């Protein structure tokens, strides 16, 4: 659907300004919700603007539907941008137009529909985003969440194939963020719109995205399905972003005896009483050092860091794996005594989900 | 002071002369200054049609005109005024220098008003496939409307001020009357009445400008 190939971007290449993006290769599949996460200044805003050519790459190519669009100009460019909706952190609504007027705006610019057709479409769009009763209000009379719904309705007006969300929830409170993310997922599901979302919050990625790329100083440092990246982050930047979302510092296990393992339960397994049964069967004891439970999109997960002592440790680990639990060694007793096939950090454990 | 010595019909004539000078010059100033202001805005730094050289030249010329005190501009422009309107006297003779004097000022106000528009709105407009021209006329100008109305109001008041000055070179109007009778003939009461009428006029312009601004601003 969207393919970025060997993209570099520098804002003043002649004056030798350091590039903002270095050799980015990314592809986003049709119908996917793709997240791009990074700290501010990582280059994610620039990256997302390459897709609708609000920014031009210094080198590299941009493809949409296998069509090279890097040099699109004039009418071709305007047509392309109409097929890519964009939602902004600060909504960027026209303050002088009503809610209905804002949603009608892109349709008026496109100039293909009659006034009556535009009115009908605006009504339908406002109903979709739950703002049917607010059509005649002005943006300043709306709450942040409502303004973003107007922004989303406006972005959908020209039936785009792609929706770009530039920190679409960063100006919203947590509850409203949830509602806006639900709305975006609904749109993705029902209209099949491919969504590219940039954010600095891992929580947004966990709740809404299928795949994620982690951007750090203009480079993609980690990329993959959200479950893999979120549950088994391999790059320090990703780990920091995950910890930030969990509101927790790094695990200190220095003085704790036993084998330190991280167990990850996903899908149906997350709710099965596996741990106690295996502890009884293999005579092992465990202490929970840390853990988190929750959902990645709609899928439950549970992840515990434990220290394993006594009994048949190897047997217990094998039984856990047999039960579909991903096991990683994170410290404690020597990793050499473990059977092969158990990943040790920082290697990525891949057989999750 | 003897107010019965005031020739009220004279005041009425002078007021109507002032009003016609201000209104005709205001319309022409907007017609000339608005495109110039838009040009300044779009050729300015960081804008869709940024042209540093063109912006620099235009900016320089406008600054030169703005640097010349209006009373001197009136005199300097006299030969050109005669060429264009056939006379340098009366309402006809004064409108040209008034427009030359206020257009650069108005153009600057327009540029500032357009720069006040949220850059995010411009970006949103471009992102939804608007051409730069559509963006300026259908997003930037409507969003800047309250600022533009405020600019017209300020310019109208400056024009009232300038018409009084143009009285000195035979332009007519309230300023002319105040100087001829109030100053040269020591009829202070006429000067007083003229000043009061000018004060009322300026208050009226400002008040109606303000109410239009608040009517159109929905931020």
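Chains as they are written, first to last, in UniProt numbering: chain F, 1 to 353; chain U, 1 to 219. Positions of the beta carbon are idealized from the N, C-alpha and C atoms, including for glycine. Source: prediction; values computed, not measured.
How long is the line joining the alpha carbons of residue 107(U) and residue 140(U), rounded to whole angstroms?
Approximately 15 angstroms between the Cα atoms of the pair.
Is the region 151–168 of chain F touching the region 133–142 of chain F, taking contact as three or more C-beta pairs under 8 angstroms?
No: the two stretches stay apart, fewer than three of their Cβ pairs being nearer than 8 angstroms.
One question on the structure: do residue 294(F) and residue 305(F) come within less than 8 angstroms of each other, judged by their Cβ atoms?
Taking 8 angstroms as the Cβ cut-off, residue 294(F) and residue 305(F) do not qualify as a contacting pair.
Ignoring anything shorter than 4 residues, give me the alpha helix (DSSP H) runs that lie fully in the region 287–337 of chain F, in order along the chain.
Correct list: 313–322.
Could you check whether the Cβ of residue 106(F) sits closer than 8 angstroms to any Cβ belonging to chain U?
It does: the Cβ of residue 106(F) has a partner Cβ on chain U nearer than 8 angstroms.
Specify whether the region 30–50 of chain F and the region 188–207 of chain F touch according to this definition: at least 3 beta carbon pairs, one from each stretch, less than 8 angstroms apart.
Yes, the region 30–50 of chain F is in contact with the region 188–207 of chain F.
Which residues of the region 86–97 of chain F have a Cβ closer than 9 angstroms to any Cβ of chain U? Give them in chain order.
Residues 86, 88, 89, 90, 91, 92, 93, 94, 95, 96, 97.
Span of the alpha helix (DSSP H) holding residue 141(F)?
Neither: residue 141(F) is in no alpha helix (DSSP H) and is coded neither H nor E.
Could you check the C-alpha separation between residue 17(U) and residue 104(U) for me, to the nearest Å?
Computed Cα separation, rounded: 24 angstroms.
Does the count of Cβ pairs from the region 63–72 of chain U and the region 123–136 of chain U closer than 8 angstroms reach three?
Short answer: they don't touch.
With distances taken between CB atoms, is the gap from residue 163(F) to residue 155(F) smaller than 8 angstroms?
Contact flag set, yes.
Among 223(F), 96(F), 112(F), whose alpha-carbon lies nearest the alpha-carbon of residue 215(U)?
The candidate whose alpha carbon is nearest that of residue 215(U) is 96(F).
In chain order, what residues of the same chain lie with their CB nearer than 7 angstroms to the CB of residue 13(F), ignoring the 5 residues before and after it?
Same-chain partners within the cutoff: 58.
Return the Cβ separation of residue 113(U) and residue 147(U) in integer angstroms, given the expectation that the two are a contact with Cβ distance under 8 angstroms.
Their Cβ separation, rounded to whole angstroms, is 3 angstroms, which keeps residue 113(U) and residue 147(U) in contact under 8 angstroms.
Checking contacts by CB at 8 angstroms: is residue 353(F) closer than that to chain U?
Unreliable placement is indicated for residue 353(F), whose pLDDT of 27 sits below 50; no coordinate value is reported for it.
Taking only beta-carbon atoms, is residue 34(U) less than 8 angstroms away from chain F?
No, residue 34(U) lies away from the interface with chain F (no Cβ there is under 8 angstroms from its Cβ).
For residue 123(F), tell me which candidate among 108(F), 270(F), 104(F) has the shortest Cα-Cα distance.
Comparing Cα-Cα distances from residue 123(F) to each of 108(F), 270(F), 104(F), the minimum goes to 104(F).
Would you kindly report the start and end of the unbroken beta strand (DSSP E) that includes residue 136(F)?
That residue, residue 136(F), is in no beta strand (DSSP E); it is neither H nor E in DSSP.
Exposed or buried, residue 199(U), counting other C-beta atoms within 10 Å across all chains shown (16 or more means buried)?
By the neighbour-count rule (16 or more Cβ atoms within 10 Å), residue 199(U) is not buried but exposed.
Can you tell me where the alpha helix (DSSP H) with residue 66(U) in it begins and where it stops?
52–67 is the extent of the alpha helix (DSSP H) around residue 66(U).
Comparing alpha-carbon positions, which option in 238(F), 126(F), 190(F) lies nearest residue 203(F)?
Per the Cα distances, 238(F).
How many angstroms separate the CA atom of residue 116(U) from the CA atom of residue 144(U)?
Each residue's Cα considered, the two are about 7 angstroms apart.
What residues of chain U sit near residue 110(F), judged by a beta carbon separation below 8 angstroms?
The answer, in chain order, is 129.
Compare the C-alpha of residue 264(F) against each of 281(F), 230(F), 178(F) and name the closest.
Closest option to residue 264(F), Cα to Cα, is 230(F).
I want to see whether chain U comes within less than 8 angstroms of residue 82(F), judged by CB atoms only; does it?
Yes, residue 82(F) lies at the interface with chain U (some Cβ there is under 8 angstroms from its Cβ).
If distances are taken between C-alpha atoms only, which option among 46(U), 218(U), 91(U) comes closest to residue 167(U)?
Comparing Cα positions, the closest option is 91(U).
Tell me, please, whether the CB atom of residue 54(F) is closer than 8 angstroms to any CB atom in chain U?
For residue 54(F), the answer is yes, since a Cβ of chain U falls inside 8 angstroms of its Cβ.
With a threshold of 8 angstroms between beta-carbons, can residue 138(F) be considered close to chain U, or not?
True, the Cβ-Cβ gap to chain U drops below 8 angstroms.
Name, in chain order, the residues that DSSP records as bridge partners for residue 86(F).
Residue 86(F) pairs with 164(F).
Mind checking residue 87(F): buried by the 16 CB within 10 Å criterion, or exposed?
Buried.
Which residues does DSSP pair with residue 260(F) in a beta bridge?
307(F), 331(F).
Examine the Cβ distances between the region 31–44 of chain F and the region 212–219 of chain F and report whether three or more of them are shorter than 8 angstroms.
Yes, they touch.
Could you work out which residue in 153(F), 30(F), 119(F), 278(F) is closest to residue 129(F) when comparing CA atoms only?
Among 153(F), 30(F), 119(F), 278(F), the Cα nearest to that of residue 129(F) belongs to 153(F).
Taking its Cβ as the centre, do 16 or more other Cβ atoms sit within 10 Å of residue 14(U), making it buried, or is it exposed?
Buried.
Thinking just about the alpha-carbon of each residue, which of 161(U), 173(U), 218(U), 109(U) is nearest to the one in residue 205(U)?
Of the listed residues, the one whose Cα sits closest to residue 205(U) is 161(U).
Less than 8 angstroms between CB atoms is the rule here; does residue 115(U) satisfy it with respect to chain F?
By this cut-off, residue 115(U) is not an interface position.
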